[in-house]
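This report concerns only the one structure given below.
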Ligand SMILES: N[C@@H](CCC(=O)N[C@@H](CS)C(=O)NCC(=O)O)C(=O)O
């Protein structure tokens with residue numbers, strides 16, 4: 125059984141998508157960021173940087189207990205465990221890794237800055253807003269151009285798409301609009317329609 129520590133944020137949805145897609149047995153453990161639950165000593169034993177998502181797998185390699193944070197590491201771990209959505213062919217895997225790292229290290233991180241400065245911050249800083257909006261639009265263009273040549277980021281649907289989806293959905297669709305990014309819209313809508321994705325983006329199970 126895998127315990128998935130998460131909350132309703134861009135990164136928080138990523139392992140939920142993968143767990144729903146693979147059907148791996150799991151429980152959702154909400155970590156209420158508004159109440160600063162991520163700062164509890166118990167949670168920080170699993171995620172030393174006090175960030176969701178994190179997982180605990182009681183049935184890791186060789187029967188060991190695995191604790192893991194960082195959404196990219198979690199997606200790779202689940203992909204290897206399930207043998208799904210993470211190709212075993214080395215060349216295909218290298219390309220999935222490229223877009224997985226772009227998604228988790230660059231795209232989500234900079235999209236979060238857009239979210240902070242344009243939506244959540246009570247302090248209005250026009251220079252920061254303009255900077256991060258231009259930055260987000262540049263990244264949406266990069267994703268759109270790649271998807272003009274490829275159905276999904278790594279060829280077939282994979283963990284690279286799962287890491288990219290959250291901020292395209294939250295900021296691309298809802299804040300910027302995808303009219304100027306038709307390939308990204310086609311990709312987004314195909315993923316949004318997947319039953320596993322709808323379950324992953326639904327309420328936490330009771
Ligand atoms: N690089 C990390 C970033 C995770 C992250 O930014 N988590 C945020 C929510 S989306 C969080 O838990 N913030 C709470 C905090 O930093 O105290 C990943 O990909 O998992």
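Numbering (the numbering used here), first residue to last: 125 to 330.
Don't be surprised by glycine CBs; every beta carbon is placed ideally from N, CA and C.
Requested in this report: Tell me where the beta strand (DSSP E) around residue 143 begins and ends.
Outcome: Numbered from 1 along the chain shown, position 19 holds the residue referred to as residue 143. Note, residue 143: premise wrong, no beta strand (DSSP E); alpha helix (DSSP H) at 134-146.
Query raised in the report: What residues come near ligand 1, if near means a beta carbon less than 5 Å from any of its heavy atoms?
Result: Working through the chain, the matches are 133, 135, 162, 174, 175, 176, 194, 195 and 228.
Query raised in the report: Do residue 242 and residue 253 come within 7 Å of each other at the CB atom, strictly closer than that value?
Result: What you label residue 253 is simply residue 129 of the chain shown in a count that begins at 1. What you label residue 242 is simply residue 118 of the chain shown in a count that begins at 1. For residue 253 and residue 242, yes; Cβs fall inside 7 Å.
Requested in this report: Go to residue 191, then tell me how far its beta strand (DSSP E) extends in each direction, as first and last residue.
Outcome: For this step, residue 191 is matched to residue 67 along the chain shown. It spans 190-193 - the beta strand (DSSP E) in which residue 191 sits, taken as one unbroken run.
**Report entry** residue 265 - DSSP class collapsed to helix/strand/coil
**Finding:** Here residue 265 refers to the residue found at position 141 when the chain shown is read from its first residue. In the structure shown, residue 265 adopts helical secondary structure according to DSSP, grouped into three states.
Query raised in the report: Taking contact to mean at least 3 C-beta pairs separated by less than 8 Å, is the segment 186-200 in contact with the segment 145-164?
Result: Too few Cβ pairs lie closer than 8 Å, so no.
Query - 7 Å CB neighbourhood of residue 170 in its chain, flanking five on each side removed - result: Numbered from its first residue, the chain shown carries residue 170 at position 46. Only 129, 178, 180, 191 and 193 meet the Cβ criterion.
Requested in this report: Would you mind sorting residue 287 into buried or exposed? The rule is 16 or more other CB atoms within 10 Å of its CB.
Outcome: Taking the chain shown and counting its residues from 1, one reaches residue 287 at position 163. Classification of residue 287: buried, given that the 10 Å Cβ count is 16 or more.
**Report entry** residue 291 versus residue 232 - alpha carbon distance
**Finding:** In the chain shown, the residue the question calls residue 291 occupies position 167. In the chain shown, the residue the question calls residue 232 occupies position 108. Taking the Cα positions, residue 291 is about 6 Å away from residue 232.
Query raised in the report: Rounded to the nearest angstrom, how far is the Cβ of residue 259 from that of residue 234, given a contact under 8 Å?
Result: For the purposes of this step, residue 259 is taken as residue 135 along the chain shown, with counting starting at 1. For the purposes of this step, residue 234 is taken as residue 110 along the chain shown, with counting starting at 1. In this structure residue 259 is in contact with residue 234, their Cβ atoms being roughly 5 Å apart against a cut-off of 8 Å.
Requested in this report: Round the Cβ separation of residue 278 and residue 220 to the nearest angstrom and send it over; I've been treating them as touching at under 8 Å.
Outcome: Sequence index remark: in the chain shown, residue 278 carries index 154 (1-based). Sequence index remark: in the chain shown, residue 220 carries index 96 (1-based). Yes, they are in contact, since the Cβ atoms of residue 278 and residue 220 sit about 4 Å apart, within 8 Å.
Requested in this report: With DSSP as the reference, please indicate the residues paired to residue 315 in a beta bridge.
Outcome: Counting from one through the chain shown, the residue named residue 315 turns up at place 191. None; residue 315 has no bridge partner.
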